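Chemist: Per this note's numbering: the sequence shown = residues 1 to 180.
Provided herewith is a single structure, encoded as structure tokens, for subsequent inquiry.
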Amino acid sequence: MKTVILFGSPRKDGNTIQLSDAFSQKLKEKGCDVRIIYLNDLNIRPCQGCLTCSPEGVCRINDDMKDIRKYIVESDLIVYATPVYWSTPSSQLKLVIDRSIAFIDTEYNSRIKGKKAVTIMTCADENKDTFLIIKDMFKRAFDFLGISYVGSIDATGCTEKGVVNKESIERAAQIAESLV
């Protein structure tokens, strides 16, 4: 199974990477091809809402999103990994989500229908309800794109680096194993 992890945290050594690593390590153990894309390292401009991408699926903006689109198209599983800020994904990941409109044609059919998606999310808040709004946003986006939302790995209480609880790390490995 080809997997792309869209890593939306600005920190490569924080809690979101701990969960992403546990997930990707289990997939690799099972022989899967996993690519992690560190969005913060890339040049991704915001969507201009012009819809010139609709006819052919090609955005007029010449930036790193063209490579991300290629990896998404080639993948069976798309992982959206992000810290939760103000009940939303990081700005880095939100840019990719907004630019995903290029996967929708002029008749509102998805060019990536049938793929699977997993979310990996961390937040400082101890309350699991913190994830309700962002999960609803992901669900609506995935439904529009024809993607199956097959799992969510959430960790609360991530107030400093390296504090992801053991249960969340185990869940990351379990969900990965269930997908292979």
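Just so you know, even glycine gets a beta-carbon here, dropped at the ideal spot from N, CA and C.
For clarity, every value in this text was computed on a predicted model and none was experimentally measured.
From what residue to what residue does the alpha helix (DSSP H) around A124 run?
Modeler: In the sequence shown, residue 124 corresponds to position 124, counting from 1. Note, A124: premise wrong, no alpha helix (DSSP H); not H, not E.
Chemist: Can you tell me the Cα-Cα spacing of P10 and T106, whole angstroms?
Modeler: Working through the sequence shown from its first residue, we reach residue 10 at position 10. Working through the sequence shown from its first residue, we reach residue 106 at position 106. Their backbone Cα atoms lie some 34 Å apart in a straight line.
Chemist: Have a look at the DSSP bridge pairing and note the partners of K2.
Modeler: Translated into positions along the sequence shown, residue 2 becomes position 2. Bridge partners of K2: D33.
Chemist: Can you give me the start and stop residues for the alpha helix (DSSP H) that D67 sits inside?
Modeler: In the sequence shown, residue 67 corresponds to position 67, counting from 1. First-last of the alpha helix (DSSP H) with D67: M65 to E74.
Chemist: Under three-state DSSP, which class holds V96?
Modeler: Against the sequence shown, residue 96 aligns to sequence position 96. DSSP places V96 in helix when its eight states are reduced to three.
Chemist: In whole angstroms, give me the CA-to-CA distance for S91 and G8.
Modeler: Within the sequence shown, numbered from 1, the residue matching residue 91 stands at position 91. Within the sequence shown, numbered from 1, the residue matching residue 8 stands at position 8. Taking the straight line joining both Cα atoms gives about 8 Å.
Chemist: Can you say whether S178 is buried or exposed, counting buried as having 16 or more other CB atoms within 10 angstroms of its CB?
Modeler: Here the question's residue 178 lines up with position 178 in the sequence shown. With fewer than 16 other Cβ atoms within 10 Å, it is exposed.
Chemist: Just to confirm my understanding: we take L42, look at its own chain, exclude 5 residues before and 5 after, and list those with CB closer than 6 Å. What are they?
Modeler: Within the sequence shown, residue 42 is the residue found at index 42, counting from 1. So the qualifying residues of the chain are D64.
Chemist: Could you pull the start and end residues of the beta strand (DSSP E) that S152 belongs to?
Modeler: Taking the sequence shown and counting its residues from 1, the one referred to as residue 152 is at position 152. Unbroken beta strand (DSSP E) run through S152: S148 to A155.
Chemist: Which residue marks the beginning of the beta strand (DSSP E) containing L182, and which one marks its end?
Modeler: Any property of residue 182 remains undetermined from this structure, which presents the chain solely from 1 to 180.
Chemist: Buried or exposed, going by whether 16 or more other CB atoms sit within 10 Å of the CB of L77?
Modeler: Working through the sequence shown from its first residue, we reach residue 77 at position 77. Under this definition L77 is a buried residue.
Chemist: Nearest to I68 by alpha carbon, out of A102, D13, S110 and W86?
Modeler: The residue given as residue 68 occupies position 68 in the sequence shown. Of the listed residues, the one whose Cα sits closest to I68 is A102.
Chemist: Is S168 helix, strand or coil by DSSP?
Modeler: As a position in the sequence shown, residue 168 is number 168, starting the count at 1. If DSSP states are grouped into helix, strand and coil, S168 belongs with the helices.
Chemist: How should C50 be labelled, buried or exposed, when 16 other C-beta atoms within 10 angstroms of its C-beta is the threshold for buried?
Modeler: The sequence position of residue 50 within the sequence shown is 50, counting from 1. Exposed is the call here.
Chemist: Could you tell me how far apart the beta carbons of S54 and T3 are, in whole angstroms, since I believe they sit closer than 8 Å?
Modeler: Position 54 of the sequence shown, counting from 1, holds the residue named residue 54. Position 3 of the sequence shown, counting from 1, holds the residue named residue 3. With 8 Å as the limit, S54 and T3 do not qualify as a contact, their Cβ atoms being about 27 Å apart.
Chemist: How many whole angstroms separate the CB atoms of T122 and L19, which I take to be in contact at a CB cut-off of 8 Å?
Modeler: The count along the sequence shown starts at 1 and reaches residue 122 at position 122. The count along the sequence shown starts at 1 and reaches residue 19 at position 19. Right, their Cβ atoms sit about 7 Å apart.
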